[in-house]
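Below is one structure, written out as structure tokens; comments come after it.
There are 4 protein chains.
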Amino acid sequence: MILRDPVHGLVAFESEEEAVVEALLGAVEVQRLRRIRQLGLTALAYPGADHTRFAHAIGAAFVMKLLIARLRSIQDTLPFWQRITTERARDALAAALLHDVGHGPFSHLFEEALPGTPRHEEWTARIILDPSTEVHRTLAKFDPYMPGRVAELVRGRHELTFLARSVSGTFDVDRCDYLLRDAYATGVSYGTFDLDWLLRSLRFGVASVSGAVPPLAVDGPRGLPAIESFILARLFMFQQVYFHKASRSSEWMLITIFRRVRALLEDGTRLPGVPKALESLIRKGDAALDDYLALDDCWLLVALDAWRSVKDPVLSDLTTRLHTRRLFKTFELYGNFAGRAARQTLLERARQVATAHGVDADVYVGLDAVSDVPFDDREDSLAVIFPDGKPSKPGDVSFLLGRLRGQALERARLIFPVELRDAIIAELAL
Amino acid sequence: MILRDPVHGLVAFESEEEAVVEALLGAVEVQRLRRIRQLGLTALAYPGADHTRFAHAIGAAFVMKLLIARLRSIQDTLPFWQRITTERARDALAAALLHDVGHGPFSHLFEEALPGTPRHEEWTARIILDPSTEVHRTLAKFDPYMPGRVAELVRGRHELTFLARSVSGTFDVDRCDYLLRDAYATGVSYGTFDLDWLLRSLRFGVASVSGAVPPLAVDGPRGLPAIESFILARLFMFQQVYFHKASRSSEWMLITIFRRVRALLEDGTRLPGVPKALESLIRKGDAALDDYLALDDCWLLVALDAWRSVKDPVLSDLTTRLHTRRLFKTFELYGNFAGRAARQTLLERARQVATAHGVDADVYVGLDAVSDVPFDDREDSLAVIFPDGKPSKPGDVSFLLGRLRGQALERARLIFPVELRDAIIAELAL
Amino acid sequence: MILRDPVHGLVAFESEEEAVVEALLGAVEVQRLRRIRQLGLTALAYPGADHTRFAHAIGAAFVMKLLIARLRSIQDTLPFWQRITTERARDALAAALLHDVGHGPFSHLFEEALPGTPRHEEWTARIILDPSTEVHRTLAKFDPYMPGRVAELVRGRHELTFLARSVSGTFDVDRCDYLLRDAYATGVSYGTFDLDWLLRSLRFGVASVSGAVPPLAVDGPRGLPAIESFILARLFMFQQVYFHKASRSSEWMLITIFRRVRALLEDGTRLPGVPKALESLIRKGDAALDDYLALDDCWLLVALDAWRSVKDPVLSDLTTRLHTRRLFKTFELYGNFAGRAARQTLLERARQVATAHGVDADVYVGLDAVSDVPFDDREDSLAVIFPDGKPSKPGDVSFLLGRLRGQALERARLIFPVELRDAIIAELAL
Amino acid sequence: MILRDPVHGLVAFESEEEAVVEALLGAVEVQRLRRIRQLGLTALAYPGADHTRFAHAIGAAFVMKLLIARLRSIQDTLPFWQRITTERARDALAAALLHDVGHGPFSHLFEEALPGTPRHEEWTARIILDPSTEVHRTLAKFDPYMPGRVAELVRGRHELTFLARSVSGTFDVDRCDYLLRDAYATGVSYGTFDLDWLLRSLRFGVASVSGAVPPLAVDGPRGLPAIESFILARLFMFQQVYFHKASRSSEWMLITIFRRVRALLEDGTRLPGVPKALESLIRKGDAALDDYLALDDCWLLVALDAWRSVKDPVLSDLTTRLHTRRLFKTFELYGNFAGRAARQTLLERARQVATAHGVDADVYVGLDAVSDVPFDDREDSLAVIFPDGKPSKPGDVSFLLGRLRGQALERARLIFPVELRDAIIAELAL
């Protein structure tokens, strides 16, 4: 099969080992990803961000194909048992394609909204391992042990650690694809990096013990700018997109809606458009796989629409605001305001304002605090190998990365409805 | 307001006259476009093609903003009454944003599937003119006559014909945006053209009668390549995307599904997930505006999913195939096979094969014939004005366009399920 | 070796067979291409067009590398003797890199200015075959017969005709690179095409005689748009760049300057800055290879500068105009004016105007007529192979190419100094 | 005038105040920039880097045009006397176009090679102020005081400090253009930044004293990523291009060549191809403006070629190596080796190796140490203005810039001919 992808251009899977990709694309659980947006509600902030998990899954498999080609071009120095065989390549391609197959509606949002229920990694494993799924049967047709191996790989476990980490690690094929794809769809141009150079600069490092599997490394200083631009692309995407105030606000609203639905259901209220899986997740903390797979963005959007007319005024109000993009406002906490204690004080004062205005502070006022460490090589990362063979940590040899190492990027924001904005800002200015 | 668009980069609407754009984006009928894909089922062929009518609407308004700026920079030669006032600019921006607000689920597909019901242009007019809509009320707040004027503009009527044609004409802002956006989302790189040069090369032509409104023209030969690349971009997009076999096949399947639903409903069969508007459209040929606006891609996808389990074997089969992307196959008719009579003969033979295999030919075999004339300036088009002031038709002075003028691009394909492929091809090869 | 190219991105030549590229780049005759602009005087029209033959030579070798990889992935169907061996690959890479090594200052301009002297193809062959050059010695070190084989390949002769035509044919690596590179440097964005798809769609056609070498073909209809966009890219580049009035005018001036230098030298006038090779070419129609290789853009620009102060008023005037970009004006002949007879009449009338103004018409008035056939597959071109194995000519199956086939793009212009413009235009308007 | 630029797309200068750009482009001193490469010898490392100062000059003027448009859209809050009048706009456009008109052959290289002679800024001032130049006469035709004002602006002096700093400051039009242009030509994709957003986010800050001219600031946090990406683009270009080992090595060779030429001339040796200006600069430390303007890349390349055959073995050897790109090798000093004292010790040891091999260490061994501070806002930079009107330093509010502030990027390398490589590396490894 061959197709045109806006991010990678010509994408072909044609060799014998690549046939697994085409076979898996025919599975209903993979086709379901067409109905799950990669970036949840981010399209409310970036109108182009309607791309799906399906396109990303193909992209990740394609990056794996490129990576496998690179690994094969440098594996002469490895003993035979450490090389990429046809079987290992097939497993890796399948794992790359399936790494996110368990995502619920609006991707990460769904599991954040339902704490205590299985996370998407767990659903992914179930989909791969459950004999009833088309994904499982497709893999098992290649080899009965393949589902098990692929599930392990997706969890980041493989005897070739470098292969495991290419599915789940700092520079894995998932990140390589989603950074480029999210940047492309949102138009945030500085969210890109040089994938070709990054792949090209890969080489094998030195095994910790003689005979052990060597880690992947980059050829420095040539490979260093490729790593730097990758880390920066990620940093920019967090600053500009993933932590964007409208994304965060809408996600916060959705989570609040789910919390409300949960409370109503627990109270015995009947709500329209609640599918089996949701009810089950809320009541029992888990759901049947079949039912879970029936959930997708469309189901959720239709349900949100239906809940606009329920009797519960809170649920009706919140869903109406979200449906018509009347998002809650945010007030970002900088400097002295951003400390942990200060935040709580400010939240408390905002809640009091709400109460004074007759608004339920538990539902309508919140604090959203997110954090990411864009780069840290102290525990683990690609080493940089110099011409003399000596490996270094990227942060030790990169001007830029040395300064970013271990530093946390944080954003804290108060969240509240527009009608409280003036009052809350006035209160906080005191 | 200012936002980042992957196609146009920085998109800002900040002046007083542009405030209408932000106001309209808050209307629920415009927000609904977030749930209507620009290219229907094309994502089945191009995995990136999940962009929505909402992003396109903003893009069209932005191109209008650029166009207005250009018109103002050249309008010194016009009498005052022919110039772009603030009011006209506001009307034009609103018309550009709203030109497609009446589209149903999956855009053009919906109206093709329900012949005899109002087309999207009619729904657009209703949305603008009906006093109950937020769109109407937003416009009327600016000026009570504004809804009427905008509706006229969307229909391509305005005293300044050049303004009318910029909303609906050969080089209108709709096309300017959708060509670039569809190319961007699908990755079909040759579907682009040079919008900056096209706008920059615009000038006013010579009015047919002294005192009349002059038509727009391009400054030639500088503007000619911009027109050529626009026409070619459109031609390539038709060949590569709009007439793509998987797009056409899936659209044909959807239309067949609708026809089946119609038949079942007329028979009195009860089906799940059929909204009021659809039932009404099928039974009475029309629907209430409110009900129509409740339709979007999500509703349709959820309904298709629900119909997979109905008793009717045909509806159940077709929806299952579409849901899992088991698309009908196509056999393209070239050369001698493509003539009108030959096509019918071939269709008849394919139908007989189906019947011989116990398959209902009325449902499972079809002929899809589409046609587009990429360029024709014999009736109307931008004139090219030479340094000596003489206007020419583009086809008279362009090497390329002279050869394309009036030529029809056609595609004819037999459509049938995969299980009939070998038998039908064998039959046709006889 | 690995380098960063603005057109192709990461360019690497690292395998054993590719070592020839790095070796040849060290040859002084190849380094000389750094001082020869790819597009002659075109930078006078497009300020970005300062790229050199050196960058293009590397680019052509890189496209050859991509082509070889594609050929190897499809050559299983060929008998062993028709496959791409290491030796053939090395020859092809060398031929791609060296195909234009014989160009003189400002590329094509130099040979046009000196009719009757060896053309650049001849100089290329001499450089490859003359045992005194570093190019020759580098090739001979690989294999004493290699210079001869490479020279043949550059001439388009090889037992594998598809390899020969990839060095010199309708879709050769030279064109593939220069179209992309010239478009990149000038910013003429529609001068691009989809190289990846063009390469990817290549397959072997059917040999004319059983056992003969099959021609290359493209897999249609998938490959058709790639061919179409290639042909159109070329057409656009001719219209926009290669036939641009300022390029043509400056080239016409340079040719006139050379003609004057020739006349002066033949008269025995001594001029500064005339290198041996030029004198010899003018006097004897040929030059020693060593002397020829001393010529480059810099030498020519320095000489033009020096000639500004010679006594001959014509040479001094023309070089001063060119040095300060006071280019001759052009008057394009369209429609009735463009016919062969009409042109001569108009030229005659323009010459009379010049004479009436006391200007030497032989030097200062000219007619520049250029022509190119963007597409013609009647004699030879890539065939398009359909799923059923039937080959067709592209023009028979492409909507676009069918309409362009054999059509000539022509431009005819009168050329004259700015001070005659008004008088000549007045005369022609009569 | 309107032209196509590969970096900025459509570049037009058409208004009355912009006419100065077209007028100045006709000046012989500006046309001379066509023969001066922007990046000196960098094309030896990046084959695409043959772009000229001429294209950059136009680009800088175009960025100024964009900046002026932005300033005008926000200047309502300024008193009338602080606004951009037609005259000020014209001065600023001229200053942007002319800011580097005084550069010598290979730009910065020439002045580095001739310490003690006037720097390019001084030559720029002379060209603008000397009544004999076409540049001067062109400006004076607009207004006799214009040359003086433009010269002041180029030096970064103007009553509107924000205008002065846009010609010469941290975010001046020079940098804005050269970063984008150098990135485009070399293909170093991460050397780009978002010019549109940077311009769009500009606003006026708060004047230090009431009534004083306010500084420019950016609207934060929206403008922050634009500044960050600008700073990073610059950092990447330094790391990847400006400090590239092949660029540095070739520049070091050229400087050594100049030093040798100087020594030979001072000894009374006669050398071919030495123009008046060079002789004068070497002997007297200065040259006549006319003579200086005769210098360009071509003259220098022709001279280097001529010097290959002089008797002096050192000059002949060095020029031959440079001509055929047999560049000196570099050994980068990291970590402990990079300290100031360590460097000198290593240099001394490398010199001893050279001497032991009978090579003149003064000529053939060198230490190249370069340094740049990518970002420092402690003295001066754009402030970031928050919604509440409070200005902050970028480093105080940017996660990234806070970590880069004041940090120096350094590169130190030993430089030596290839034949000493093994011996020197062996010695240093001890």
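Residue numbers (our numbering), protein chains in the order written: chain A, 57 to 486; chain B, 57 to 486; chain C, 57 to 486; chain D, 57 to 486. Note that the Cβ used here is the ideal one computed from N, Cα and C, for glycine as well. Since this is a predicted model, take the numbers as computed values, not measurements.
### Query
Cα separation between D:LEU357 and D:PHE218?
Between the C-alpha atoms of D:LEU357 and D:PHE218 there is a straight-line separation of about 40 Å.
### Message
Using beta carbons (cut-off 8 Å, strictly below), is D:SER285 in contact with chain A?
### Response
Chain A, which has a Cβ nearer than 8 Å to the Cβ of D:SER285, makes this yes.
### Query
Under 7 Å Cβ-Cβ, which residues of chain B neighbour A:VAL84?
Neighbours of A:VAL84 in chain B, taken as residues at a C-beta separation under 7 Å, are given in chain order as THR380.
### Task
Just mark A:SER257 as buried or exposed, buried being the case when its beta carbon has 16 or more other beta carbons within 10 Å.
Result: buried.
### Closer than 8 Å to chain C by CB, B:TYR7
Residue numbering for chain B in the displayed model covers 57 to 486; residue 7 of chain B lies beyond these limits and cannot be assessed.
### Alpha-carbon spacing of B:ALA406 relative to B:SER427, whole angstroms
Between the alpha carbons of B:ALA406 and B:SER427 lies a gap of roughly 22 Å.
### Query
Helix, strand or coil for D:THR386 per DSSP?
Of the three classes helix, strand and coil, the one that applies to D:THR386 here is strand, per DSSP.
### Query
Candidates A:GLY243, A:LEU134, A:VAL206 and A:ALA83: which alpha carbon is nearest A:ALA151's?
Closest by alpha carbon: A:VAL206.
### Message
So with CB distances below 8 Å, who are the chain D contacts of A:PRO281?
### Response
Simply TYR246, PHE292, GLN295 and GLN296.
### Query
Closer than 8 Å, CB to CB, is A:TYR201 near chain B or not?
Taking Cβ atoms only, chain B never reaches closer than 8 Å to A:TYR201, which makes this a no.
### Message
Closer than 8 Å is the cut-off here; do at least three beta carbon pairs connect the region 314–334 of chain C with the region 125–145 of chain C?
### Response
Under the Cβ criterion (8 Å, minimum of three pairs), the region 314–334 of chain C does not count as touching the region 125–145 of chain C.
### Sub-8 Å separation of D:LEU360 and D:THR375 beta-carbons
D:LEU360 is a Cβ neighbour of D:THR375, given a cutoff of 8 Å.
### Task
With a threshold of 16 other CB atoms inside 10 Å of the CB of B:ASP233, please say whether the residue is buried or exposed.
By the neighbour-count definition (other C-beta atoms within 10 Å, threshold 16), B:ASP233 is a buried residue.
#### Entry: Inter-residue spacing [alpha-carbon to alpha-carbon] between D:GLN408 and D:ASP368
Going from the Cα of D:GLN408 to the Cα of D:ASP368 covers about 23 Å.
### Query
Taking the alpha carbon of D:PRO62 as the point to measure from, which residue in C:ARG182, C:ASP342 and C:ALA241 has its own alpha carbon closest?
Closest option to D:PRO62, Cα to Cα, is C:ALA241.
#### Entry: B:ASP416 vs B:ILE471 beta-carbon contact at 8 Å
Judged by their CB atoms, B:ASP416 and B:ILE471 are not nearer to each other than the 8 Å cut-off.
### Query
What in chain A is Cβ-close to B:GLY160, meaning under 7 Å?
In chain order: nothing, as chain A lies at least about 16 Å away.
### Task
Within 10 angstroms of the Cβ of D:PRO281, are there 16 or more other Cβ atoms? Answer buried if so, exposed if not.
Looking at its Cβ environment, which holds 16 or more other Cβ atoms inside 10 Å, D:PRO281 is buried.
#### Entry: Contact belief for D:GLY65 with C:GLY243 at Cβ below 8 Å, rounded distance in angstroms
That belief holds up - the Cβ atoms of D:GLY65 and C:GLY243 are roughly 7 Å apart, short of 8 Å.
### Query
Excluding the five sequence neighbours on either side, which residues of its own chain have a C-beta within less than 7 Å of the C-beta of C:CYS354, listed in chain order?
So the qualifying residues of the chain are ARG91.
### Query
Span of the beta strand (DSSP E) holding C:GLU466?
465–472 is the extent of the beta strand (DSSP E) around C:GLU466.
### Task
Identify every residue that forms a DSSP beta bridge with D:PHE488.
Nothing about residue 488 of chain D can be read from this structure; chain D reaches only from 57 to 486.
### Task
With 7 Å as the limit, tell me which residues of the region 94–110 of chain A have their beta carbon closer than that to any beta carbon of chain B; keep them in chain order.
The region 94–110 of chain A vs chain B, Cβ under 7 Å: ALA99, TYR102, PRO103, GLY104, ASP106, HIS107, THR108 and PHE110.
### Query
Which residue's Cα is closest to the Cα of A:MET120: A:LEU255, A:GLU475 and A:ILE480?
Measuring from the Cα of A:MET120, the nearest candidate turns out to be A:LEU255.
### Query
Any contact of the region 380–399 of chain A with the region 466–482 of chain A, i.e. 3+ C-beta pairs under 8 Å?
Result yes; three or more Cβ-Cβ pairs closer than 8 Å.
### Task
Look at the alpha carbon of D:ASP250 and the alpha carbon of B:ASP444, and state the distance between them as a whole number of angstroms.
D:ASP250 and B:ASP444 have their C-alpha atoms spaced approximately 41 Å apart.
### Query
Applying the criterion that 16 or more other CB atoms from any shown protein chain within 10 Å of the CB defines a buried residue, is C:SER306 buried or exposed?
Result: buried.
### Task
List the DSSP bridge partners of B:GLY422.
DSSP lists B:ILE471 as partners of B:GLY422.
### Task
For D:ALA83, collect the residues of the same chain with a Cβ closer than 6 Å to its Cβ; drop the 5 residues on either side in sequence, then sort them by chain order.
The answer, listed in chain order, is GLU190, VAL191 and THR194.
### Query
What are the start and end residues of the beta strand (DSSP E) that includes A:ASP61?
58–61 is the extent of the beta strand (DSSP E) around A:ASP61.
### Presumed contact (8 Å Cβ cut-off) between D:ASP478 and D:ARG88, rounded CB distance
Not quite, the Cβ-Cβ distance comes to about 44 Å (not below 8 Å), so this is no contact.
#### Entry: Complete beta strand (DSSP E) runs within the region 347–413 of chain C (minimum length 3 residues, chain order)
Fully enclosed beta strand (DSSP E) runs of no fewer than 3 residues occupy 385–388 of the region 347–413 of chain C, in order along the chain.
#### Entry: Ranges of the alpha helix (DSSP H) found wholly within the region 132–219 of chain D, counting only runs of at least 4
Every unbroken stretch of the alpha helix (DSSP H) spanning 4 or more residues and falling wholly within the region 132–219 of chain D is given here in chain order: 142–154, 164–169, 176–185, 190–198 and 202–210.
### Partner residues on chain C for B:ARG459, Cβ-Cβ distance less than 7 Å
Correct list: ARG459, LEU460 and GLN463.
#### Entry: Segments assigned beta strand (DSSP E), at least 3 residues, entirely inside the region 264–348 of chain C
Taken in chain order, the complete beta strand (DSSP E) segments of 3 or more residues contained in the region 264–348 of chain C are 272–275.
### D:PRO447, DSSP secondary structure in three states
In the three-state reduction of the DSSP assignment, D:PRO447 falls in the strand class, which pools E and B.
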